[in-house]
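In terms of my numbering, the sequence shown opens at residue 5 and continues consecutively.
Every residue, glycine too, gets a C-beta built ideally from N, C-alpha and C.
Note that the structure is predicted; figures quoted are calculated from it, not measured.
What follows is one structure encoded as structure tokens, with my remarks underneath.
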Amino acid sequence: MSDVKVRTGELGDPTLASRLYDWVQLTKLRLASLVSFAAFVGALLAEGRGGSIMNAIEAALWITASAASGGTLNQVLERDTDRLMDRTKDRPLVAGRISVRNAILVAALLGVASTAGLWVRFNPLAAMLSLASLFAYVAVYTPLKRVSTLNTVVGALPGAAPPLIGYVAVSGALGNWAISLFAIVFAWQFPHFMSIAWMYRDQYKRAGMQMLPGVEGGESIAGRQALVYSLCLLPISMLPGVWGDAGPVYIAGALLFGMAYVIASFRFMSRQTRPRARQLLWTSLVYLPALLTLILCDPAVRAAAVN
């Protein structure tokens, strides 16, 4: 009953708020907000055009538009399997609240606009990287989910691209920070997605999705994989310190956040229960924004220490 009140007006017509929410769902803007922040950090750390805040914001917005395009096309391609899963059966395309035609049109506009924006406002390399990331997510990762458990590895590549693209957009080339951020986000994704895949393993299996926790013997492998990648993330997150791009405050914070991620991953591996999977998921959602914020704050902390 409450759901009806949210989605419809007094006469049963969709409200403006519900329509906007449907487009937020379709473009996966809540997930894209994390993408946008990562891209913003990458752009702000770049050197070529001074790393100004306005340049960083603009680059992040174009990259977010590309991510929204990919999220929309992903739901277009998966609408038949989405209706078989409880967690996705009420998505706008499945429920018929948005037409496939309109979804494809909006996705195309977002994809073209983001590529053109990065090309014209920044540089061709950033535009090509963004387009390649979009292609990999939609044309490789999305169909691979029906075929192989390797889809998580493949999907982690475009998933880690936003901060790298943000850096390249502003600097025009790769640099230490671009490599560091790409590696950090790449490794971060595995415990994050393993927790989600484990919690919804039966639904994924029913929909024919080849997620690791849903295949025979895959649950224990998923737990070990989560722990291994969280452990790998510890030295990876030290790269900015090793390269002299970050100071001791960042190193201490990264170790602290990293150990929390390792502990949550170990608890999940040692006894796979829904509360522990959910704890790992929430730890992952805190870890990445916290680490990115620490990266942004580190220069100010170092400057204050010198003064």
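Inter-residue spacing [alpha-carbon to alpha-carbon] between residue i and residue j
i, j, result
"V253", "Q214", "41 Å"
"A264", "L109", "43 Å"
"L113", "L135", "13 Å"
"T19", "L238", "47 Å"
"Q283", "V124", "43 Å"
"K9", "S234", "For K9, the predicted model reports a pLDDT of 39, less than 50, meaning its position is unreliable; a value from the coordinates is still stated below. Whole-angstrom Cα-Cα distance: 42 Å."
"A47", "E220", "42 Å"
"R105", "A165", "28 Å"
"G257", "R87", "42 Å"
"A120", "A177", "18 Å"
"R271", "T92", "28 Å"
"W192", "L292", "8 Å"
"P2", "S56", "Here the chain covers residues 5 to 311 and nothing more, so residue 2 does not appear."
"V116", "A72", "12 Å"
"I240", "A107", "38 Å"
"V232", "V266", "9 Å"
"L185", "A211", "33 Å"
"Y145", "Q79", "13 Å"
"N59", "S152", "39 Å"
"P244", "D302", "11 Å"
Where the alpha helix (DSSP H) through residue i begins and ends
i, result
"M273", "P252 to S274"
"P217", "Premise fails: P217 is in no alpha helix (DSSP H) and is neither H nor E."
"A69", "I57 to L81"
"I200", "N180 to M203"
"S103", "Looking at the DSSP string, S103 is not in any alpha helix (DSSP H), and its letter there is neither H nor E."
"M132", "P128 to F139"
"L238", "G222 to S241"
"Y171", "N155 to S175"
"W27", "L20 to T31"
Cβ distance (whole Å) where residue i is taken to contact residue j below 8 Å
i, j, result
"L285", "I200", "6 Å"
"T76", "V39", "That pair is no contact at about 14 Å."
"A169", "S137", "Note that residue 169 is Ile in the sequence shown here, rather than Ala. Correct: roughly 7 Å between the Cβ atoms."
CB contact flag (residue i, residue j, <8 Å)
i, j, result
"I102", "D206", "no"
"A161", "A140", "Per the sequence presented here, residue 161 reads as Leu, with Ala not at that position. Result yes, Cβ atoms of L161 and A140 sit closer than 8 Å."
"A64", "A36", "no"
"P217", "S288", "no"
"V45", "L296", "yes"
"W181", "S118", "no"
"S269", "A230", "yes"
"A319", "V174", "Nothing about residue 319 can be reported from this structure: the residues present for the chain run from 5 to 311 only."
"V142", "G248", "no"
"L97", "L148", "no"
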